[in-house]
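Structure record follows, encoded as structure tokens.
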Amino acid sequence: MLNVTNLHAYYGKSHILQGVNFNIKEGEIVSLLGRNGVGRSTTVKTIMGEVEPQGSIQFKNIEIAGKKSFEIANMGLGYVPENRDIFPTLTVRQNLLLGQKSDASSSRWSIEEMFGMFPNLGERAEVAGGVLSGGEQQMLCMCRTLMGDPELIMIDEPTEGLAPKIVEQVAELLQEIANRGVAILLVEQKLSIALKISHRLYVMGHGQIVYEGTPDSLMAADDVRAEWLEV
Amino acid sequence: MLEVFIFATLNGLVTGLLLFMLASGLTLIFSMMGVLNFAHASFYMLGAYFAYSISLYFGFWSGLIFAPIIVGVLGALVERYGLRRVHQQGHVAELVFTFGLAFLIEEAVQFFWGADTKNYQSPDLLDFPLFTLFGQEFPAYRGFMIGISVAIFIGLYYVLTKSRIGIIIQAAITHPHTVSNLGHNVPLIFMGVFGVGSALAGVAGVIAGPVLTTFPGMAVVLGSIVFVIVVIGGLGSLAGAFIASILIGLLQSYAIASNLGMPDLLNLLGLEFGRDHPLTDLWTLTLPQIAPILPFLLLVLVLIFRPTGLMGKREQ
Ligand SMILES: Nc1ncnc2c1ncn2[C@@H]1O[C@H](COP(=O)(O)OP(=O)(O)OP(=O)(O)O)[C@@H](O)[C@H]1O
Ligand SMILES: [Mg+2]
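In the order they appear, the protein sequences are chains W and Y. Just so you know, the numbering used here puts 83 at position 83 of the first sequence, and the rest follows in order with no gaps. Just so you know, the numbering used here puts 1037 at position 37 of the second sequence, and the rest follows in order with no gaps.
Dropping the structure here:
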């Protein structure tokens, strides 16, 4: 479904992505792991067209490198950025409305259903998004992207700075997304939920993929975890 | 005295609403681009001239409909093929571009229509007094100006706050990347807002042309005041622009109507100066004479005491 081949990206003169290769198949949950600053966020931003890509990015067998962000989004690629960029002055409901595409009727997600899953959001439907807690904003951000009915959703560090109880909720939502046949690229630093829900994992180091495996194989590979993951 | 007050208030309202029709577009465009569009008032002038030419052949009402559409399309083209390209060179280049465009439009207007004042008239249909108060008449055309401005603003308010496209515009102004990632074509939205903002300025030109006269300097005359309003109101704030527009409209209107001179004011304060005082020119100024500089005076005061403008947010 997503095929990234020899992807390079630069911030000014600094060469951040140095030939990234990975792929995601239909309905798969794949995690992209790695320490701070190795280029995980840059990878998803480059796929999304926010950073200029060099190399090949194929989504549903169509080359998307060079396309604009909104075109990529409209092809069915969803993106939840790491900064939880909700619209603080708009209400929770309006935030969700913004995620909808023009043909919202065929979407596998509806606003009322989201409110059912997350009563916290439902109770605050008409409240400005800016007053929500960090965890609620993360949920809102993920739900907003889902409203656009993506076939693959890339989620950047959804559990960062959240209490364990909320992390649990995030994990449940990820499970629900997968159950509806949506593929997931989960960008994480911690192993906790990635090991629990992923089908496959990639580990990134210094702008390249340094390891590919399953949760079981990564658990067995002590050397990989020591060199590229543990702090 | 009361009739003077009532008529001054009504006239101030007419001016204020007209100013807001320009200021609203200017401040919206500022929040999108982060740059003041110096050519904004030029679109106002184009509105008046296009409407004048159309009215010669098809009458005032056709001008009212088609002139703003033409101006809006022109505005959208300017954004798409001018500003969007210049944007990559940074804000200074954009500013210079809009400056140049303002001069270009003024020259073009002189070239095509000449440097003289055009005999652009309000429609006969509205050539009657709306009401007579204390023996003084209030022209129906001014009532029409108030009506059409208010109708447009109510419509815009609804679109901007209640409709889906309005919500997308609001979000795109503050978070363009996020909105783009959700699948919305942000450059197209910006072009649309620029076009609608220009069309609004065009409407203002169409309805103001017959009252404030249609001549090549009309953009500069009103443009400077509109900039003052946008700054006083707080850059990017629609509510602020509204308050500042009405405030300045009323202020100028009262100053003109009051017909008070400096001597009267000074006498009120218990001061008296002889006719042969060296500063006698200053003492004999009348408020109507001062009216045109009042907006700029207000600008200086606001900038000193509230640098972000009345409703502006502090820069982060
Ligand atoms: N806008 C930017 N301009 C210049 N350099 C940047 C920019 N954003 C990130 N970088 C640099 O690029 C490298 C990779 O950043 P990236 O955000 O992809 O890291 P990451 O793996 O997501 O880690 P984390 O999210 O924990 O910071 C870092 O060295 C960072 O300093
Ligand atoms: Mg990151």
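All C-beta atoms, glycine included, are put in the ideal place defined by N, C-alpha and C.
{"Check": "Which of the residues in the segment 36-70 of chain W, read from start to end, lie with their CB under 9 Å from any CB of chain Y?", "Outcome": "48, 49, 50, 68, 69 and 70"}
{"Check": "Comparing C-alpha positions only, which one of Y:1295, Y:1001, Y:1298 and Y:1293 sits nearest to residue 1134 (chain Y)?", "Outcome": "Y:1001"}
{"Check": "Any contact of the segment 151-165 of chain W with the segment 38-52 of chain W, i.e. 3+ C-beta pairs under 8 Å?", "Outcome": "yes"}
{"Check": "Check the Cβ-Cβ distances between residue 145 (chain W) and every residue of chain Y, and say whether any is below 9 Å.", "Outcome": "yes"}
{"Check": "Quick one: what does DSSP say residue 13 (chain W) is sitting in, helix, strand or coil?", "Outcome": "coil"}
{"Check": "According to DSSP, is residue 1038 (chain Y) helix, strand or coil?", "Outcome": "coil"}
{"Check": "Within the 9 Å Cβ cut-off, does residue 1092 (chain Y) reach chain W?", "Outcome": "no"}
{"Check": "Who does residue 202 (chain W) pair with in a DSSP beta bridge?", "Outcome": "W:32 and W:212"}
{"Check": "Within 8 Å, do at least three Cβ pairs link the segment 1234-1249 of chain Y to the segment 1044-1064 of chain Y?", "Outcome": "no"}
{"Check": "Can you confirm whether the segment 1169-1178 of chain Y touches the segment 1006-1016 of chain Y when touching is taken to mean that 3 or more C-beta pairs between the two stretches lie within less than 8 Å?", "Outcome": "no"}
{"Check": "Can you determine whether any heavy atom of ligand 1 sits closer than 8 Å to the C-beta of residue 40 (chain W), and answer yes or no?", "Outcome": "yes"}
{"Check": "Hey, quick one: how far does the alpha helix (DSSP H) through residue 1178 (chain Y) stretch, first residue to last?", "Outcome": "1176-1181"}
{"Check": "Thinking just about the alpha-carbon of each residue, which of Y:1240, Y:1083 and Y:1288 is nearest to the one in residue 1033 (chain Y)?", "Outcome": "Y:1083"}
{"Check": "Grab me the residues of residue 148 (chain W)'s own chain with a C-beta within less than 7 Å of its C-beta, minus the 5 sequence neighbours each way, in chain order.", "Outcome": "73, 78, 99, 100 and 101"}
{"Check": "Under 7 Å, CB to CB, which of the residues in the segment 212-230 of chain W have a partner in chain A?", "Outcome": "Protein chains in the displayed structure are W and Y, and chain A is not among them."}
{"Check": "To the nearest angstrom, how far is the alpha carbon of residue 1316 (chain Y) from that of residue 1310 (chain Y)?", "Outcome": "Any reading at residue 1316 (chain Y) must be qualified, since the residue scores a pLDDT of 41, below 50, and its modelled position is unreliable; the value itself is stated next. Each residue's Cα considered, the two are about 17 Å apart."}
{"Check": "Against chain W, with Cβ distances strictly below 9 Å, would residue 1316 (chain Y) count as a contact?", "Outcome": "In this prediction, residue 1316 (chain Y) scores a pLDDT of 41, lower than 50, which makes its location untrustworthy; no coordinate-derived value is stated."}
{"Check": "Do residue 1268 (chain Y) and residue 1044 (chain Y) have their beta-carbon atoms positioned less than 9 Å apart in this structure?", "Outcome": "no"}
{"Check": "How about residue 187 (chain W): is its Cβ closer than 8 Å to a heavy atom in ligand 2?", "Outcome": "yes"}
{"Check": "On the premise that residue 1019 (chain Y) lies in contact with residue 1232 (chain Y), defined as a C-beta separation below 8 Å, what is that separation, rounded to the nearest angstrom?", "Outcome": "With a Cβ gap of about 11 Å, residue 1232 (chain Y) and residue 1019 (chain Y) do not count as contacting."}
{"Check": "Using 8 Å as the Cβ pair cut-off and three pairs as the minimum, do the segment 1147-1156 of chain Y and the segment 1172-1187 of chain Y touch?", "Outcome": "no"}
{"Check": "So, does the CB of residue 1087 (chain Y) fall closer than 9 Å to a CB anywhere in chain W?", "Outcome": "no"}
{"Check": "Can you tell me which of the three DSSP states residue 1115 (chain Y) falls into?", "Outcome": "coil"}
{"Check": "Please look up how many angstroms separate the CB atoms of residue 1218 (chain Y) and residue 1080 (chain Y), rounded, as I've assumed it's under 8 Å.", "Outcome": "That belief does not hold up - the Cβ atoms of residue 1218 (chain Y) and residue 1080 (chain Y) are roughly 26 Å apart, past 8 Å."}
{"Check": "Report yes if the C-beta of residue 1256 (chain Y) is less than 8 Å from at least one heavy atom of ligand 1; otherwise report no.", "Outcome": "no"}
{"Check": "Where do the N-terminal and C-terminal ends of the alpha helix (DSSP H) with residue 1291 (chain Y) fall, by residue?", "Outcome": "Counting along the chain, residue 1291 (chain Y) falls outside any alpha helix (DSSP H), and DSSP gives it neither H nor E."}
{"Check": "Which runs of the beta strand (DSSP E) at least 3 residues long sit entirely within the segment 131-204 of chain W? Give them in chain order.", "Outcome": "152-156 and 183-188"}
{"Check": "Any heavy atom of ligand 1 inside 8 Å of the beta-carbon of residue 204 (chain W)?", "Outcome": "yes"}
{"Check": "Quick one, are the C-beta atoms of residue 21 (chain W) and residue 36 (chain W) less than 9 Å apart?", "Outcome": "no"}
{"Check": "Taking only the alpha-carbon atoms, compute the straight-line gap between residue 82 (chain W) and residue 121 (chain W) and give it to the nearest angstrom.", "Outcome": "20 Å"}
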